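Participant: Just so it is clear: in the sequence shown, position 74 is 204 by the numbering used here, and no numbers are missing. Think of the CB as a built atom: it goes at the ideal place given N, C-alpha and C, for glycine as much as any other residue. Predicted model only: the values in this text are computed from it and were never measured. Would you mind keeping the following structure in view while I ask a few things?
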Amino acid sequence: MRKLLVIGIGAGNPDHMTVQAINGLNRADVLFIPDKGAKKNDLADLRRQICDRFVTNPKSRRVEFDVPVRAEPAPSYRSTVDDWHEAIAAIYEDLIRDEIGQDGCGAFLIWGDPSLYDSALRILERVRLRGNVAFELEVIPGITAVQALAASHKMALNRIGDSILITTGRRLTQEGLADNAGSTVVMLDGKCAFNVLTDKDVVIHWGAYLGTPDEILLSGLIGDVGAEIEKVREEARRQKGWIMDTYLLRKPGEPQDDR
Numbered sequence: 131m132r133k134l135l136v137i138g139i140g141a142g143n144p145d146h147m148t149v150q151a152i153n154g155l156n157r158a159d160v161l162f163i164p165d166k167g168a169k170k171n172d173l174a175d176l177r178r179q180i181c182d183r184f185v186t187n188p189k190s191r192r193v194e195f196d197v198p199v200r201a202e203p204a205p206s207y208r209s210t211v212d213d214w215h216e217a218i219a220a221i222y223e224d225l226i227r228d229e230i231g232q233d234g235c236g237a238f239l240i241w242g243d244p245s246l247y248d249s250a251l252r253i254l255e256r257v258r259l260r261g262n263v264a265f266e267l268e269v270i271p272g273i274t275a276v277q278a279l280a281a282s283h284k285m286a287l288n289r290i291g292d293s294i295l296i297t298t299g300r301r302l303t304q305e306g307l308a309d310n311a312g313s314t315v316v317m318l319d320g321k322c323a324f325n326v327l328t329d330k331d332v333v334i335h336w337g338a339y340l341g342t343p344d345e346i347l348l349s350g351l352i353g354d355v356g357a358e359i360e361k362v363r364e365e366a367r368r369q370k371g372w373i374m375d376t377y378l379l380r381k382p383g384e385p386q387d388d389r
């Protein structure tokens, strides 16, 4: 039966690659490299650099494929994502069937970790449920942007006795900060949702292009640095054509003991 590896490759620094991930790359007969268009060519280039640096399997080959662009949400965010995933599932199915031999092994290189705000595993489950191509699945974890953010800011994600919430910019806009979350990590925020918070004394630790030579870090009270982060973010996105960023929010001080 075909074997499929879903390999987390870290948040942008090739040094994030684990020994397990490197071994996985070298087990694969074919490595699948997604192409998200000219504006995000850096993302495909990083995958190529990782393969150049770590792959020693002489039988290994690379297959690049185009990723369809997700439509704007209409009539709803969930239905738009569902349609997008269905289109990608059709591509995955063709790749698995046509590029991996019956007893061969292929690998998808996933930014960060496959389990955190990435849809590859859900999409591959769609492929499996179609029943047109059978495969065994193995997941290899990777360093996430959340870990890279904490490391770059030299901080712990949690405070003593406190909880952490990981959410998205869209949900932060809709729901605000949760009362029961001491620290809130926000991902997939294209609109600087932190600026909608009425409490400007919330501390923000923000980072973009984490772990790479282009890394940008800013932190402080939202009221002091929010506008600067928005300006820096837009300028970086304009220069590179894309941006990946995340941030942590928490109220200043230590959490109160309930006793």
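Which residues does DSSP pair with L135 in a beta bridge?
Facilitator: Beta-bridge pairing links L135 to A237 and E268.
Participant: Rounded to whole angstroms, what is the Cα-Cα separation between G312 and G291?
Facilitator: Going by the C-alpha atoms only, they are around 9 angstroms apart.
Participant: Should A151 and I163 be called a contact, given that it needs their Cβ atoms to be closer than 9 angstroms?
Facilitator: In this structure, I163 does not lie closer than 9 angstroms to A151 by Cβ.
Participant: Apart from the five residues on each side of it in sequence, which residues of its chain come closer than 8 angstroms, Cβ to Cβ, to I180?
Facilitator: I139, P144, M147, L155 and L239, listed in sequence order.
Participant: Look at the alpha carbon of D388 and the alpha carbon of V269, and state the distance between them as a whole number of angstroms.
Facilitator: With a pLDDT of 49 at D388, under the threshold of 50, the modelled position of that residue is not reliable, and no figure is offered here.
Participant: Does A281 come out as helix, strand or coil in the three-state DSSP assignment?
Facilitator: Residue state, collapsed to three classes: helix.
Participant: Check whether the Cβ atoms of L327 and A308 sit closer than 9 angstroms, and answer yes or no.
Facilitator: No, the Cβ-Cβ distance between L327 and A308 is not below 9 angstroms.
Participant: Let me make sure I understand the geometry here. Which of A237, R301, I221 and K321 has the alpha-carbon closest to that of I253?
Facilitator: For I253, the nearest C-alpha among the options comes from I221.
Participant: Indicate the three-state DSSP secondary structure (helix, strand or coil) for S209 in the structure shown.
Facilitator: Looking at S209 - three-state DSSP - the assignment turns out to be helix.
Participant: Would you tell me roughly how many angstroms separate the C-alpha atoms of V316 and F265, rounded to the nearest one?
Facilitator: C-alpha separation (whole angstroms): 34 angstroms.
Participant: Of all the options V263, V332 and R367, which has the alpha carbon lying nearest to the alpha carbon of K321?
Facilitator: For K321, the nearest C-alpha among the options comes from R367.
Participant: Let me know if A357 comes out buried or exposed under the rule of 16 or more other beta-carbons within 10 Å of its beta-carbon.
Facilitator: With fewer than 16 other Cβ atoms within 10 Å, it is exposed.
Participant: Quick one: give me the first and last residue of the beta strand (DSSP E) that L161 is part of.
Facilitator: Per DSSP, L161 belongs to the beta strand (DSSP E) from V160 to D165.
Participant: Do S249 and I218 have their C-beta atoms closer together than 9 angstroms?
Facilitator: The answer is yes: Cβ separation under 9 angstroms.
Participant: Nearest to L251 by alpha carbon, out of L267, G242, Q369 and G272?
Facilitator: Nearest C-alpha to L251: L267.
Participant: Just curious, the beta strand (DSSP E) that A286 is in, first and last residue?
Facilitator: Neither: A286 is in no beta strand (DSSP E) and is coded neither H nor E.
Participant: Give me the Cα-Cα distance between T274 and G231, rounded to the nearest whole angstrom.
Facilitator: Taking the straight line from one Cα to the other gives about 31 angstroms.
Participant: Who pairs with M317 in a beta bridge, going by DSSP?
Facilitator: BP columns for M317 point to T298.
Participant: Quick check: the Cα distance between C235 and L135, rounded to an integer number of angstroms?
Facilitator: In a straight line, the C-alpha of C235 is about 7 angstroms away from that of L135.
Participant: Are I346 and V333 touching if we call contact CB-CB under 9 angstroms?
Facilitator: Against a cut-off of 9 angstroms, the Cβ pair of V333 and I346 comes out as no contact.
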